[in-house]
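Chemist:
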Amino acid sequence: MKTGFHKYFIYFSLIFLIVVLYKADYLEIPHIYSPVSLFLAFVCLLGGFMANTLAQQHLLHKFKFHISIRQALATEGLNIFGKYVPGKVWMIMGKAMYLADKKKYPAGELSLLFLHVHVVALWCGLLLGICGLWMNDALHLLSWMGLGILGLFTLMLLSKTVCNAALGLVNKVLKKDYLLPDLDFSKSLILIPWFLGGWILWGCGFFLLAVSITDHFIPFSAVFCFPLAGSLGILFVFAPGGIGIREGIIAGYLTLLNVSLPEAIMISATSRLWFLVGELFIFITGYLVSRK
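What follows is the structure in structure tokens.
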């Protein structure tokens, strides 16, 4: 992987973000019933981003890629809009390119590490989402596809044979000879508490957001809605940022909790704006700390 193109990647991802948001029309602000709940929703949102950043920093340290918290924030923030580039691979490659440029670390090995990080993050989100469906007697709605994805991710975390098979497929397609880092389950365990905490913070933030923009009762089990919708939205690789997918899952989940369909659609659309504000904050923070 060539380095030196990271700044162009940032411009590219910002262009895609603007185009996607213009087409999606998610920028309408609803009436705020509880400003305190809205403020706490943003606190939880930023806490989730920080948990994810620290998780990645810890894993990199385990493999002797030492970066400061400032560099970890820059890596997370400057590449956060890579998810809006079709294919989703750029949210992994962008981080690898950034550290390869700044720290002269091998970009190929970093890409594999960040891929592992995302597998653990998605596994944690799906696990929490399944718990929420089980609590609401709606586990059947996840379908065999969702359970199959969770099972595959579990095998990737537990079995090195499965990881080697996946790497062999990647090497065959890319005609490269990447080596898989020693990603045993003990190293995954280090990440799981951080990502579970991050998803729970985001889920609590989503619940507080819903409370702040509606005058109707919202069950606390809505906390599990965002981890499920967020993780499944990422898995649909051709939906930039999971736009449309995540909102549809949120709206459907909320209707299970006896939220009216118009109100569920309003909450799901507002959650995109809420999360985007958090992404912009992290992006600006990453840019500022990268300038020092």
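Take the sequence shown: its letter number 204 is residue 206 in my numbering, and every next letter is one higher. Cβ atoms here follow ideal geometry from the backbone N, Cα and C, with glycine treated the same way.
Between the stretch 188-203 and the stretch 116-128, can you find at least three pairs of beta-carbon atoms closer than 8 Å?
Modeler: Yes, since at least three Cβ pairs between the stretch 116-128 and the stretch 188-203 fall closer than 8 Å, the two stretches touch.
Chemist: Going by DSSP, what residue range makes up the alpha helix (DSSP H) through I286?
Modeler: Note, I286: alpha helix (DSSP H), 263-293.
Chemist: Under the rule that 16 or more other beta-carbon atoms within 10 Å means buried, what is K4, buried or exposed?
Modeler: Caution is warranted here: a pLDDT of 48 is assigned to K4, below 50, making its placement in the model unreliable, and the coordinate value is therefore given only provisionally. Exposed, because fewer than 16 other Cβ atoms sit within 10 Å of the Cβ of K4.
Chemist: What separation, rounded to the nearest whole angstrom, lies between the Cα atoms of L259 and L56?
Modeler: Looking at the two C-alpha atoms, the distance is approximately 33 Å.
Chemist: Looking at the structure shown, is I217 part of a helix, part of a strand, or coil, going by DSSP?
Modeler: Note on residue identity: the sequence assigns Asp, not Ile, to residue 217. If DSSP states are grouped into helix, strand and coil, D217 belongs with coil.
Chemist: If F238 sits next to I252, beta carbons under 8 Å apart, how far is it from one beta carbon to the other, in whole angstroms?
Modeler: That pair is no contact at about 14 Å.
Chemist: Taking all protein chains shown into account, do 16 or more other C-beta atoms lie within 10 angstroms of the C-beta of G85, making it buried, or fewer, making it exposed?
Modeler: Note that residue 85 is Lys in the sequence shown, not Gly. Buried, by the Cβ-count rule.
Chemist: Quick one: measure Cβ to Cβ for N54 and G200, integer angstroms, because I've assumed they're closer than 8 Å.
Modeler: Yes, N54 and G200 are in contact; Cβ-Cβ is about 5 Å, under 8 Å.
Chemist: Out of curiosity, what's the CA-to-CA distance linking F51 and S262?
Modeler: The alpha-carbon atoms of F51 and S262 are separated by roughly 30 Å.
Chemist: Just the Cα atoms here: how many angstroms apart are T216 and K97?
Modeler: Cα to Cα, T216 sits roughly 38 Å from K97.
Chemist: Rounded to a whole number of angstroms, what is the C-alpha to C-alpha distance between G254 and A102?
Modeler: Straight-line Cα distance between these residues: approximately 41 Å.
Chemist: Please report the Cβ distance between F44 and G280, rounded to the nearest whole angstrom; I am assuming they are in contact, meaning their Cβ atoms lie under 8 Å.
Modeler: F44 to G280, Cβ: 7 Å. Contact.
Chemist: Just how far apart, CA to CA, sit L128 and L135?
Modeler: Their Cα atoms are separated by approximately 10 Å.
Chemist: Can you give me the C-alpha to C-alpha distance between A231 and F209, rounded to a whole angstrom?
Modeler: For A231 and F209, the distance between alpha carbons rounds to 13 Å.
Chemist: Do V213 and S39 have their beta-carbon atoms positioned less than 8 Å apart in this structure?
Modeler: Cβ atoms of S39 and V213: closer than 8 Å.
Chemist: Buried or exposed for F277, going by 16 or more other Cβ atoms inside 10 Å?
Modeler: Buried, because 16 or more other Cβ atoms sit within 10 Å of the Cβ of F277.
Chemist: Closer than 6 Å by C-beta to L117: which residues in its own chain qualify, once you throw out the five before and the five after it? Chain order, please.
Modeler: Result list for L117: I94, in chain order.
Chemist: Terminal residues of the continuous alpha helix (DSSP H) containing S70?
Modeler: It is not in any alpha helix (DSSP H) - S70 carries neither H nor E in the DSSP assignment.
Chemist: Does DSSP put L259 in a helix, in a strand, or in coil?
Modeler: DSSP places L259 in coil when its eight states are reduced to three.
Chemist: Taking T287 and G131 to be in contact with their CB atoms under 8 Å, please state how far apart those CB atoms are, rounded to whole angstroms.
Modeler: Going by Cβ atoms, the distance from T287 to G131 rounds to 28 Å, so no, they are not a contact pair.
Chemist: With DSSP as the reference, label N54 as helix, strand or coil.
Modeler: Note: N54 maps to helix in three-state DSSP.
Chemist: Could you check what DSSP says for M3 in three-state terms: helix, strand or coil?
Modeler: Because M3 carries a pLDDT of 45, less than 50, the predicted location of this residue cannot be relied on, and the following value inherits that uncertainty. The answer is coil: DSSP assigns M3 none of H, G, I, E or B.
Chemist: For T77 and L234, what's the separation of their Cα atoms in angstroms?
Modeler: If you take the alpha carbons of T77 and L234, they lie about 24 Å apart.
Chemist: What would DSSP say about H33, mapped onto helix, strand or coil?
Modeler: The answer is coil: DSSP assigns H33 none of H, G, I, E or B.
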